[in-house]
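Participant: Quick note, the sequences are listed as chains F and W, same order. As numbered in this note's numbering, the first sequence has no gaps in its residue numbers, which increase by one up to the final residue, 203. As numbered in this note's numbering, the second sequence has no gaps in its residue numbers, which increase by one up to the final residue, 203. Glycine included, each C-beta is placed from N, C-alpha and C at the ideal position. Input: one structure, supplied below.
Protein chains: 2
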Amino acid sequence: MSKVITFYFDFMSPYAYLASVEVERMAARLKCAVTWRPMLLSVSVVKVMGLKGVAETPLKREYVAHDVARFARYLDIPFNRATTRPMMPLPAARAFVWLEQIDRAMARDFAQHVFHAQWADAQDMSTPAALAGLAQSLGIEPDALLAGIADDDVKQQLKRRVDESIAAGVFGAPTFVIDDQMFWGVDRLPMVERWLQTGGW
Amino acid sequence: MSKVITFYFDFMSPYAYLASVEVERMAARLKCAVTWRPMLLSVSVVKVMGLKGVAETPLKREYVAHDVARFARYLDIPFNRATTRPMMPLPAARAFVWLEQIDRAMARDFAQHVFHAQWADAQDMSTPAALAGLAQSLGIEPDALLAGIADDDVKQQLKRRVDESIAAGVFGAPTFVIDDQMFWGVDRLPMVERWLQTGGW
């Protein structure tokens with residue numbers, strides 16, 4: 003099987019974190035490739051759809067707080083949520099697109115560590131300083147990463163990626179695309195797996 | 003196994019239709035009981051959460067139109083969407099609570115037929131007249147059903163049910179509750195099944 007799964011993520015989404023682990027497990031089983039693509043819920047949900055974020059939404063906010071931890075246990079993925087403010091994903095998303103231009107595998111590795119630090123180690127990865135510290139531990143030059151985050155071309159490149167995600171119809175994170183089929187939500191991975199195995203229905 | 007699954011539904015949701023079929027299949031496998039409970043997305047989503055309905059939401063609207071049909075094929079459930087206006091669920095929800103006071107099994111049977119007529123036979127079940135016609139085919143006196151839909155006590159009983167659903171934290175349809183655990187979405191039924199089989203995690 004030589005299919006490619008395009009995986010749209012936002013670092014601020016704990017469901018995207020769970021998906022980031024689970025989609026790579028699935029891809030390894032099926033010998034598929036995963037293309038990681040940043041999107042921003044602040045653009046799709048708030049600007050394009052005209053909705054509120056989960057943290058501002060009664061009932062859903064309480065459900066999600068309980069559900070994410072339960073889902074992590076279901077998938078056997080470590081999960082510890084920071085009790086501080088919501089994660090601000092923009093610096094990490096910019097760091098990702100900067101790294102991607104240098105080395106895609108390194109960008110993915112970095113993204114996996116950002117997700118893990120934020121959602122399994124309960125660190126706040128909102129700031130360039132926190133990301134630079136993480137980069138250093140991965141052998142990435144922290145000053146180069148800080149310059150990348152601040153670079154205008156990198157900002158434009160992220161904006162292009164986000165515009166592309168909206169043009170593709172992506173509104174939530176995680177979203178998975180195979181050929182012309184889009185699936186929203188980590189709970190859809192079993193369906194994605196069946197699609198990959200059977201060629202669709 | 004003697005567990006009870008509380009199944010919250012809104013007739014206007016095609017996902018609730020899929021769930022209405024699938025939850026009974028699952029309950030039969032596991033020898034569980036299903037308690038059907040009406041809720042109204044117009045109350046939870048619009049009034050309480052302050053969001054818009056799917057039909058008013060860019061990106062999600064287009065996704066759902068494609069996804070529901072794909073999901074129906076995945077579950078092997080007949081699906082034909084009426085191309086007319088959105089379903090208005092209030093008369094059918096009132097008919098359900100009226101019937102429930104007489105005979106719970108009959109109310110469930112009626113609800114299943116309403117769902118099927120709306121979402122598999124592409125009929126518009128928004129009106130008392132359409133519901134009365136369906137009732138007659140099931141051996142329910144149509145004039146009694148019409149009187150039930152218009153009855154003030156029935157309207158108050160539905161209002162109580164909807165208030166109870168909000169108090170329970172239910173915001174979406176379908177929602178499943180087992181003991182103190184709430185699961186939102188037809189895509190969560192495999193997780194609900196594992197919870198029932200294992201006693202939770």
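State buried or exposed for L133 of chain W, treating a residue as buried only when at least 16 other CB atoms are found within 10 Å of its CB.
Facilitator: Taking the second sequence and counting its residues from 1, the one referred to as residue 133 of chain W is at position 131. Burial call: buried.
Participant: Given a threshold of 16 other Cβ atoms within 10 Å of its Cβ, counted over all protein chains shown, does T59 of chain F qualify as buried or as exposed?
Facilitator: In the first sequence, counting from the first residue as 1, residue 59 of chain F sits at position 57. Burial check for T59 of chain F: the Cβ neighbour count within 10 Å reaches 16 or more, so the residue is buried.
Participant: If we ignore side chains and look at the alpha-carbon of each, how far apart do G55 of chain W and A175 of chain W end up?
Facilitator: Here the question's residue 55 of chain W lines up with position 53 in the second sequence. Here the question's residue 175 of chain W lines up with position 173 in the second sequence. The straight-line gap from Cα to Cα measures roughly 12 Å.
Participant: Count the other CB atoms within 10 Å of the CB of T177 of chain F; is the residue buried (16 or more) or exposed (fewer)?
Facilitator: Counting from 1 along the first sequence, the entry for residue 177 of chain F is found at position 175. When all chains shown are included, T177 of chain F counts as buried.
Participant: What span of residues does the alpha helix (DSSP H) with P16 of chain F cover, start to end?
Facilitator: Start at 1 with the first residue of the first sequence, and residue 16 of chain F comes out as number 14. Its alpha helix (DSSP H) spans residues P16 to L32.
Participant: Does L9 of chain F have its Cβ less than 8 Å from a Cβ in chain W?
Facilitator: The sequence position of residue 9 of chain F within the first sequence is 7, counting from 1. Inspection of the sequence shows that residue 9 of chain F is occupied by Phe rather than by Leu. Not one chain W Cβ lies under 8 Å of F9 of chain F.
Participant: For Q183 of chain F, list the residues DSSP reports as bridge partners.
Facilitator: Sequence index remark: in the first sequence, residue 183 of chain F carries index 181 (1-based). Looking at the DSSP assignment, Q183 of chain F forms a beta bridge with F:I180.
Participant: Find out if the Cβ-Cβ distance for the pair E182 of chain W, W100 of chain W is shorter than 8 Å.
Facilitator: Translated into the one-based positions of the second sequence, residue 182 of chain W becomes position 180. Translated into the one-based positions of the second sequence, residue 100 of chain W becomes position 98. Sequence inspection shows Asp at residue 182 of chain W; the Glu mentioned does not correspond to that position. Not a contact, by the Cβ cut-off of 8 Å.
Participant: For the segment 87 to 106 of chain W and the segment 156 to 176 of chain W, state whether three or more C-beta atom pairs, one from each stretch, are separated by less than 8 Å.
Facilitator: yes
Participant: If you measure beta-carbon to beta-carbon, which residues of the segment 28 to 58 of chain F are closer than 7 Å to chain W?
Facilitator: S46, V50, M51, G52, L53 and K54
Participant: Can a CB atom of chain F be found closer than 8 Å to the CB of P91 of chain W?
Facilitator: One-based indexing of the second sequence puts residue 91 of chain W at position 89. P91 of chain W does not count as touching chain F.
Participant: In the structure shown, what three-state DSSP assignment does T200 of chain F receive?
Facilitator: Here residue 200 of chain F refers to the residue found at position 198 of the first sequence. Three-state result, T200 of chain F: helix.
Participant: Is there a Cβ from chain W that is less than 8 Å from the Cβ of R19 of chain F?
Facilitator: By one-based count along the first sequence, residue 19 of chain F stands at place 17. Arg is not the amino acid found at residue 19 of chain F; the sequence shown has Tyr there. It does not; no Cβ of chain W falls within 8 Å.
Participant: Note down, in chain order, every chain W residue with its Cβ under 7 Å from the Cβ of L61 of chain F.
Facilitator: Counted from its first residue, the first sequence places residue 61 of chain F at position 59. Chain W residues near L61 of chain F: S46, V50, M51, G171 and F173.
Participant: List the residues of chain F whose Cβ lies closer than 9 Å to the Cβ of P192 of chain W, in chain order.
Facilitator: In the second sequence, residue 192 of chain W corresponds to position 190, counting from 1. Near P192 of chain W (Cβ distances below 9 Å), the residues of chain F are D189 and P192.
Participant: Against chain F, with Cβ distances strictly below 8 Å, would E64 of chain W count as a contact?
Facilitator: Sequence index remark: in the second sequence, residue 64 of chain W carries index 62 (1-based). Answer yes: the Cβ-Cβ gap between E64 of chain W and chain F drops below 8 Å somewhere.
Participant: Does the Cβ of A149 of chain F have 16 or more other Cβ atoms within 10 Å, making it buried, or fewer, making it exposed?
Facilitator: Position 147 of the first sequence, counting from 1, holds the residue named residue 149 of chain F. By the 10 Å Cβ count, A149 of chain F comes out exposed.
Participant: So, helix, strand or coil for F13 of chain W, using DSSP?
Facilitator: Here residue 13 of chain W corresponds to residue number 11 of the second sequence, with the count starting at 1. Coil.
Participant: Determine whether the beta carbon atoms of P91 of chain F and D189 of chain F lie at a separation below 8 Å.
Facilitator: Reading the first sequence from its first residue, position 89 is the one you call residue 91 of chain F. Reading the first sequence from its first residue, position 187 is the one you call residue 189 of chain F. No.
Participant: Taking Cβ-Cβ distances shorter than 9 Å, what residues in chain W pair up with R163 of chain F?
Facilitator: Position 161 of the first sequence holds residue 163 of chain F. Simply none; closest approach about 16 Å.
Participant: Could you check how far apart the C-beta atoms of S167 of chain F and Y10 of chain F are, in whole angstroms? I think they sit under 8 Å.
Facilitator: Locating residue 167 of chain F in the first sequence gives position 165, counting from the first residue. Locating residue 10 of chain F in the first sequence gives position 8, counting from the first residue. Sure, about 6 Å apart at Cβ, within 8 Å.
Participant: With 8 Å as the threshold, decide whether the Cβ of R242 of chain F is near any Cβ in chain W.
Facilitator: The requested residue 242 of chain F does not occur in the structure, where chain F is confined to residues 3 to 203.
Participant: Return the chain-ordered list of same chain residues with a C-beta closer than 7 Å to the C-beta of I79 of chain W, the five sequence neighbours on each side being excluded.
Facilitator: Residue mapping note: residue 79 of chain W aligns to position 77 of the second sequence, counting from 1. Excluding sequence neighbours, I79 of chain W sits near L20 and V23.
Participant: Assuming R63 of chain W contacts P16 of chain W (C-beta within less than 8 Å), just tell me the rounded distance between them.
Facilitator: As a first step, residue 63 of chain W is located in the second sequence; it is residue number 61 there, counting from the start. As a first step, residue 16 of chain W is located in the second sequence; it is residue number 14 there, counting from the start. R63 of chain W to P16 of chain W, Cβ: 13 Å. No contact.
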